[in-house]
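Peer 1:
Here is the structure:
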């Protein structure tokens, strides 16, 4: 699987989800369910890995149907964010590929993050999801 910005933009386009630049005060991105739009503030993004991670997460909102409003209670927001992460992990950090990397000696989170094109934080979250939530021995 290719792990680059062009691929995720292609995936979003195929899902009929528009990505539009927008300048936010405090956010880097937001997904609007009914409009099928991802707004992204590139001035707040530090590099391709962060942009890729943001976009796969936002696509995860659409894939999982996990949306909320600004006035939603915190537990609802947290649940939607977790569901979006899970959808992104399952699609863009496939377990078979992760295991293949580990078998070939790519074991450090930062090296795995580089391989998958995501931030180290998201890679750690992905490892934690497979290990702690799914109970999979990596």
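Numbering (the numbering used here), first residue to last: 153 to 290.
For glycine and all other residues, C-beta sits at the position ideal for the given N, C-alpha and C.
Note that the structure is predicted; figures quoted are calculated from it, not measured.
Skipping 5 residues on each side, what residues in its chain have a beta carbon closer than 6 angstroms to that of residue 245?
Peer 2: Walking along the chain shown from the start, residue 245 turns up at place 93. Excluding residues within five positions, the ones whose Cβ falls inside 6 angstroms are 268, 278.
Peer 1: Return the first residue and the last residue of the beta strand (DSSP E) that residue 290 is part of.
Peer 2: On the chain shown, position 138 is the one that residue 290 refers to. Where residue 290 is concerned, there is no enclosing beta strand (DSSP E), given that its DSSP letter is neither H nor E.
Peer 1: Would the beta-carbon of residue 261 fall within 8 angstroms of that of residue 272?
Peer 2: Translated into positions along the chain shown, residue 261 becomes position 109. Translated into positions along the chain shown, residue 272 becomes position 120. Against a cut-off of 8 angstroms, the Cβ pair of residue 272 and residue 261 comes out as a contact.
Peer 1: Please return the same chain residues whose Cβ sits closer than 8 angstroms to the Cβ of residue 229, not counting the five positions on each side in sequence.
Peer 2: Your numbering for residue 229 matches position 77 in the chain shown. For residue 229, where only same-chain residues beyond five positions count, the Cβ hits under 8 angstroms are 220.
Peer 1: Suppose the cutoff is 7 angstroms on Cβ atoms and the five residues either side in sequence are ignored; what does the same chain contact list for residue 241 look like?
Peer 2: Position 89 of the chain shown, counting from 1, holds the residue named residue 241. Only 278, 281 meet the Cβ criterion.
Peer 1: Which runs of the alpha helix (DSSP H) spanning at least 4 residues fall entirely within the stretch 230 to 285, listed in chain order?
Peer 2: Taking only runs of at least 4 residues, the alpha helix (DSSP H) segments lying wholly in the stretch 230 to 285 are 247 to 255, 261 to 268, 272 to 280.
Peer 1: Cα separation between residue 233 and residue 182?
Peer 2: Your numbering for residue 233 matches position 81 in the chain shown. Your numbering for residue 182 matches position 30 in the chain shown. About 11 angstroms.
Peer 1: Is DSSP giving residue 191 helix, strand or coil here?
Peer 2: Here residue 191 refers to the residue found at position 39 of the chain shown. It is a strand residue.
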